[in-house]
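Chains as they are written, first to last, in this note's numbering: chain A, 1 to 118; chain B, 1001 to 1118.
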DNA sequence: TACACTGTATTAGTACCGATAGTACAGTTG
DNA sequence: CAACTGTACTATCGGTACTAATACAGTGTA
């Protein structure tokens, strides 16, 4: 699951992995996350690294923590909605840049969509 | 021109500044760039930092260097075209992610465009 | 209560990056 | 030759990101 060739930090890879599982519906509300220690052993990394990943996920609203018990998946449509907004934000940023340089936004978007459909 | 509050490195800010000037047409083909040493003095920074910015601009095709003479703006439509492609790439990346999570691309794009028009 | 599990906090080591500095080299122009 | 261009290389300093080791703290249960 961890790709050491990948330049992205381990904690980020872990976070993204579970973010994906949750958004896709492979994990549901209140499902327990693996314990910090257990996952650290599995991934042959340090509990702190896992913890950093979990902290990130918590900040972004994907999981919640109960001291002494564990981490659990936070459910609801809010998650999907938040994720959608994240993507929307990025999209707006890029399009704003394009607009600054007088590019034709519609044309740009259509071209992009075209490349994906295939 | 340099914003020390900005977390982005100085050399990147310099590069972006001139990239913008060139793309917008404020600088034209074969216009001379300020000399490395001169610009360093102006910006109260180090010649090496400016050089790093110029090296970046050269790698990306925005300027060309003539040993002993200086750096000059590389012109032509290629630049605008390249920049457009850069943006297009980013756009495709984001939309691909959105698609993975079964988001409605058209809807997403329209929402983004809507936010910009204002 | 004791133990085994959970997460939390602190500190330390390592590595990398950005910026600066100094110095030396090389081509161009007048 | 002098004064300007860019180029190359090395060294250093400071900050920050990442990971690790270790100790601390809450929860649940036999």
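Ideal Cβ placement from N, Cα and C applies to all residues, glycine included.
Are the CB atoms of residue 2(A) and residue 50(A) nearer to each other than 8 Å? One thing to note: residue 2(A) has its Cβ no nearer than 8 Å to the Cβ of residue 50(A).
Find out if the Cβ-Cβ distance for the pair residue 1019(B), residue 1043(B) is shorter than 8 Å. Taking 8 Å as the cut-off, the beta carbon of residue 1019(B) is found no closer than this to the beta carbon of residue 1043(B).
Taking residue 1114(B) as part of the alpha helix (DSSP H), name the residues at either end of that continuous run. It spans 1105–1117 - the alpha helix (DSSP H) in which residue 1114(B) sits, taken as one unbroken run.
Out of 1082(B), 1054(B), 1030(B) and 1074(B), state which residue places its alpha-carbon closest to the alpha-carbon of residue 1039(B). Nearest neighbour of residue 1039(B) by Cα position, chosen from 1082(B), 1054(B), 1030(B) and 1074(B), turns out to be 1054(B).
Cα-Cα, which of 98(A), 25(A), 99(A) and 113(A) is closest to residue 1099(B)? Ranked by Cα distance from residue 1099(B), the first of 98(A), 25(A), 99(A) and 113(A) is 113(A).
Compare the beta carbon distance of residue 1090(B) and residue 94(A) with 8 Å and say whether it is the shorter of the two. Their beta carbons are under 8 Å apart, which means residue 1090(B) touches residue 94(A) by this criterion.
Three CB pairs or more closer than 8 Å across the segment 24–32 of chain A and the segment 74–88 of chain A: Counting C-beta pairs with one atom in each stretch, the segment 24–32 of chain A and the segment 74–88 of chain A have three or more that are closer than 8 Å, which means they touch.
Mind checking the segment 94–108 of chain A against chain B and listing, in chain order, the residues whose C-beta falls within less than 7 Å of any C-beta there? Of all residues in the segment 94–108 of chain A, only 94, 95, 96, 97, 98, 99, 101, 103, 105 and 108 place a beta-carbon less than 7 Å from a beta-carbon of chain B.
Against chain B, does residue 115(A) count as a neighbour if the rule is that its beta carbon must be under 8 Å from one of theirs? Chain B contact via Cβ: present.
For residue 106(A), the nearest candidate out of 1111(B), 1080(B), 1006(B) and 1079(B) (CA to CA): Closest option to residue 106(A), Cα to Cα, is 1111(B).
For residue 23(A), which option in 1064(B), 1092(B), 1036(B) and 1102(B) has the closest C-alpha, if you only look at C-alpha atoms? Out of 1064(B), 1092(B), 1036(B) and 1102(B), 1102(B) has the C-alpha closest to the C-alpha of residue 23(A).
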